[in-house]
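**Student:** The numbering of the sequence shown is this note's numbering, which starts it at 1 and goes up by one. Once you've had a glance at the structure underneath, I'll fire off some questions.
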Amino acid sequence: MAEKTNLSTYESIMRSLKARQFVPVYLLMGDESYFVDRISDYVADNVLGEDERDFNQNVVFGADVTASQLADMCKGYPMMSEYRVVIVKEFQNMKNLEPLEKYLEKPVPTTILVLCYKNGRMDMRKRIVSLASAHGVVFESTKKRENELPGFISTYIQSHGATIENKAAFMIAEHVGADISRIISECDKLLISLTENDKRVTPELVEEKIGMSKEFNAFELRRAIVEHNVYKANLIVKYFNKNDKAGNIFSVIPLLFNFFQNLMIAHYSPNKNNEAALARDLDMRSGWGAREYITAMRYYTATKTMQIISKLRQIDEKGKGLGNSNTSKEQLLSELIFFILH
């Protein structure tokens, strides 16, 4: 029976790298390429000095070298340097890994091998995974779930010495989606604009720098639905139907589907009236987010919630052209919000 592979976290890997506590092999994989790139780029830019890299650092692509050639690179000893660095981009394209597996049975301690397996994960039962785990680090970079994005944004902003209001973090998450590279780019844009005297990222700043309305966006539409504020929800829908870039059926459905799925879980939770406990049941970072679900349960019964989920699926299919020949996406959005609120 294969040994269980222990996965390392991004934070623990980066802490060790910055402390110059290196291991012979880093096997990096996953659907979210951002964190894989951050780790491999840090190794490439920081392990060796500029004058050491010419003779001691190789960056190759999996399709361009064989496992045997890669093993030979790794067996070389550093020249006038403490370490030798070998980075393999797109490792998923390398075939016949046996020679590399043989090398990893007893890797050279002065070689740092970084294997970047993009857009997926290796079969964790493969021998190379267990060998990498035994002699180094195995890391899986998974896509952030929608409800994790505001927390990720807050953590990133705080790590750069600033603070961000919850609403501002939700606005960025709703506007950008789960593209971590874009989220980082937008956060950096906001951080650059902060002054020494004011290190707060507010909804107003997000509106100014990222170009979205703090009053008329999908996050505010969700809030209006949660509070059963029919007037405000209709105002936002009318605004969306005139300003497609601000919001439309395709940006609203995923947000609402996730919310009402969680609301159904909340209805059957034994902790439905306890913010902190309900947040744990919904796998949320804090009780602040659970408060919305407690509010929504006053307006939407479990039966109504199930009907809304069914309606969301139906409207999603129509929006994609299935069983719909002449209803516009604006009409579909209006139909959906009317159904939810009535």
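Each residue gets a CB set at the ideal place from its N, CA and C atoms; glycine is no exception.
What do you get for Tyr300, buried or exposed, if any count of 16 or more other CB atoms within 10 angstroms of its CB means buried?
**Tutor:** Taking the sequence shown and counting its residues from 1, one reaches residue 300 at position 300. By the neighbour-count rule (16 or more Cβ atoms within 10 Å), Tyr300 is buried.
**Student:** For Lys199, which residues of its own chain have a beta-carbon under 8 Å away from its beta-carbon, when the five flanking residues on both sides are left out?
**Tutor:** Here residue 199 is taken as the residue at index 199 of the sequence shown, counted from 1. Here the set comprises Gly161, Ala162, Thr163.
**Student:** Going by the DSSP bridge assignment, what does Thr9 pair with across the sheet?
**Tutor:** Locating residue 9 in the sequence shown gives position 9, where the first residue counts as 1. DSSP output for Thr9 lists no bridge partner at all.
**Student:** Evaluate Tyr231 with the Cβ neighbour count: other Cβ atoms within 10 Å of its Cβ, from every protein chain shown; 16 or more gives buried, anything less gives exposed.
**Tutor:** As a working mapping, residue 231 is identified with position 231 in the sequence shown. Burial call: exposed.
**Student:** In chain order, what are the residue ranges of uninterrupted alpha helix (DSSP H) at least 4 long that sit wholly in the segment 169-244?
**Tutor:** List check, alpha helix (DSSP H) in window: 180-193, 203-210, 218-226, 230-242.
**Student:** Can you give, in chain order, each stretch of the alpha helix (DSSP H) that sits fully within the segment 33-107 and has at least 4 residues?
**Tutor:** You should have 33-46, 50-56, 67-75, 98-105.
**Student:** Please identify the residue among Glu204, Gly177, Gln158, Met306 whose C-alpha is closest to the C-alpha of Asp188.
**Tutor:** Working through the sequence shown from its first residue, we reach residue 188 at position 188. For Asp188, the nearest C-alpha among the options comes from Gln158.
**Student:** Which stretch, first to last residue, makes up the beta strand (DSSP E) that contains Val137?
**Tutor:** Taking the sequence shown and counting its residues from 1, one reaches residue 137 at position 137. It spans 137-140 - the beta strand (DSSP E) in which Val137 sits, taken as one unbroken run.
**Student:** Please report how far the alpha carbon of Asn274 lies from the alpha carbon of Thr305, in whole angstroms.
**Tutor:** As a position in the sequence shown, residue 274 is number 274, starting the count at 1. As a position in the sequence shown, residue 305 is number 305, starting the count at 1. Those two C-alpha atoms are separated by around 20 Å.
**Student:** Among the residues of its own chain, which have a CB less than 8 Å from the CB of Met14, if the five just before and after it don't count?
**Tutor:** Walking along the sequence shown from the start, residue 14 turns up at place 14. Arg38, Ile39, Tyr42.
**Student:** For Val85, is the classification buried or exposed, using 16 other Cβ atoms within 10 angstroms of its Cβ as the cut-off for buried?
**Tutor:** As a working note, residue 85 is residue 85 in the sequence shown. It counts as buried.
**Student:** What's the call for Phe338, buried or exposed, on a 16-neighbour Cβ count within 10 Å?
**Tutor:** If you number the sequence shown from 1, residue 338 lands on position 338. Classification of Phe338: exposed, given that the 10 Å Cβ count is below 16.
**Student:** What three-state label does DSSP hand Thr301 in the structure shown?
**Tutor:** As a position in the sequence shown, residue 301 is number 301, starting the count at 1. Of the three classes helix, strand and coil, the one that applies to Thr301 here is coil, per DSSP.
**Student:** Taking Glu90 as the reference, which of His267, Ala63, Ile153 has the closest Cα?
**Tutor:** Your numbering for residue 90 matches position 90 in the sequence shown. Measuring from the Cα of Glu90, the nearest candidate turns out to be Ala63.
**Student:** Within this structure, are the beta carbons of Val138 and Leu17 separated by less than 9 Å?
**Tutor:** Residue numbering aside, residue 138 sits at position 138 when the sequence shown is read from its first letter. Residue numbering aside, residue 17 sits at position 17 when the sequence shown is read from its first letter. No; because the gap between Cβ atoms is not below 9 Å, this pair is not in contact.
**Student:** 9 Å is my cut-off, CB to CB: does Glu140 come that close to chain B?
**Tutor:** The structure shown has no chain B; it contains just one protein chain.
**Student:** How long is the line joining the alpha carbons of Gly30 and Met264, rounded to whole angstroms?
**Tutor:** Taking the first residue of the sequence shown as position 1, residue 30 is located at position 30. Taking the first residue of the sequence shown as position 1, residue 264 is located at position 264. Near 30 Å, if we compare the C-alpha coordinates of Met264 and Gly30.
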